[in-house]
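Notes to accompany the following structure.
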Amino acid sequence: MAKKVSKFFRIGVEGDTCDGRIISASDIQEMAETYDPRVYGCRINLEHIRGLLPDGMFKRYGDVVELKAEKIDDDSALNGKWALFARITPTDDLIAMNKAAQKVYTSMEIQPNFGNSGKCYLVGLAVTDDPASLGTEYLEFCRKAKHNPLQRFKASPENVFSAATLAELEFEDVPDTVLNSLADKVKAIFSRKQVSDDARMSDVHEAVTAVSEHVQTSLTAQDKRLSDMETALATFKQELTGKVEETSQAFSALKTTLDKTESFSQPRRTKASGGGGDELLTDC
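Letter 246 of the sequence shown, counting from 1, is numbered 246 in the UniProt record's numbering, and no numbers are missing.
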């Protein structure tokens, strides 16, 4: 069954104010390079509020599946700045909200030192209606406040929220197949930036292993399906043969019975009426 996947759209820009600090070009690049849903998947929430109930208003609205960093090349004031772009798999609720022009701004939750790696990582993505609710002025106010009103919404105390960015979402249908899953996995492996030949060779080895595992899994599943099909056909053949033999025996028995039964379809000879014997006497 096909699933909805967004095209890449911008979720953050170099220079945005983020809880009193500036998002640098290296922050943008690190998030794109380090993101791996298998390590830590970034989920989409409403207003940075992580609800506990799956059917409540503050449930999750999808997942970030891929990130990339690119320089903006247009005639706007952002020309030449690094930006972070994301692809997401949205829920039906998020698609409906977007079609209704609701929650059209996004705000990132960034962990500066993810897993003690010293690099930034995208750990959350919120959708919001009003850019002012997560705008630069409000974030600056929250940072200087004695009790930061946003602190309770963060996954970790050291995390920071980015200013809201208008999200121009476009969705496309992607068939959910084994080949697509394999392609996404290999693409994620090679999208990581490595600094040494050993690391790059390690990525190649990991990619080859991933391909081998997928092929082996696919072949194993196919072999099992074929084996199950052969078993089912053999069982059907055996049952059909038994039915044929049973029907043949019943037919032979019926034929034998009919052969021994008098037929009423042929004309029958009239029974002899006999006589008194007088017609046989000779007058002499």
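For glycine and all other residues, C-beta sits at the position ideal for the given N, C-alpha and C.
Is the beta carbon of residue i sitting closer than 7 Å to the one on residue j?
{"i": "L67", "j": "A25", "result": "no"}
{"i": "L94", "j": "M108", "result": "no"}
{"i": "G41", "j": "S162", "result": "no"}
To the nearest angstrom, how far is it from the Cα of residue i to the Cα of residue j?
{"i": "E230", "j": "D223", "result": "10 Å"}
{"i": "A69", "j": "M57", "result": "31 Å"}
{"i": "N45", "j": "Q29", "result": "23 Å"}
{"i": "G242", "j": "A232", "result": "15 Å"}
{"i": "T91", "j": "V244", "result": "55 Å"}
{"i": "residue 288", "j": "A221", "result": "There is simply no residue 288 to check, as the chain begins at 1 and stops at 284 in what is shown."}
{"i": "N98", "j": "L53", "result": "22 Å"}
{"i": "K260", "j": "S248", "result": "19 Å"}
{"i": "E170", "j": "R225", "result": "38 Å"}
{"i": "D228", "j": "Q238", "result": "15 Å"}
Which same chain residues, not among the five before or five after residue i, have their C-beta less than 8 Å away from its C-beta?
{"i": "T89", "result": "K3, K4, V5, S6, G62, D63, V65"}
{"i": "Q102", "result": "D129"}
{"i": "K117", "result": "Here the sequence assigns Ser to residue 117, which means Lys is not the residue at that position. Excluding positions up to five away in sequence, the list reads T34."}
Near residue i, which residues of its chain fall below 6 Å by C-beta distance, leaving aside the five closest residues on each side in sequence?
{"i": "F8", "result": "F85, R87"}
{"i": "A234", "result": "none"}
{"i": "F141", "result": "Low per-residue confidence applies at F141: pLDDT is 43, beneath 50, and the placement is therefore not dependable, though the value from the model is reported in the following sentence. Counting only Cβ-Cβ distances below 6 Å, and skipping sequence neighbours, we find nothing."}
{"i": "L166", "result": "Y105"}
{"i": "T217", "result": "none"}
Leaving out five residues on either side along the sequence, give the residues of the same chain with a beta carbon under 7 Å from the beta carbon of residue i.
{"i": "D55", "result": "none"}
Segment contact, 8 Å Cβ cut-off, at least three pairs: the region 73-83 with the region 103-116: no
Runs of beta strand (DSSP E) wholly within the region 84-124 (minimum 3 residues, chain order): 105-111
Sequence ranges, alpha helix (DSSP H) only - wholly within the region 210-262, length at least 4: none
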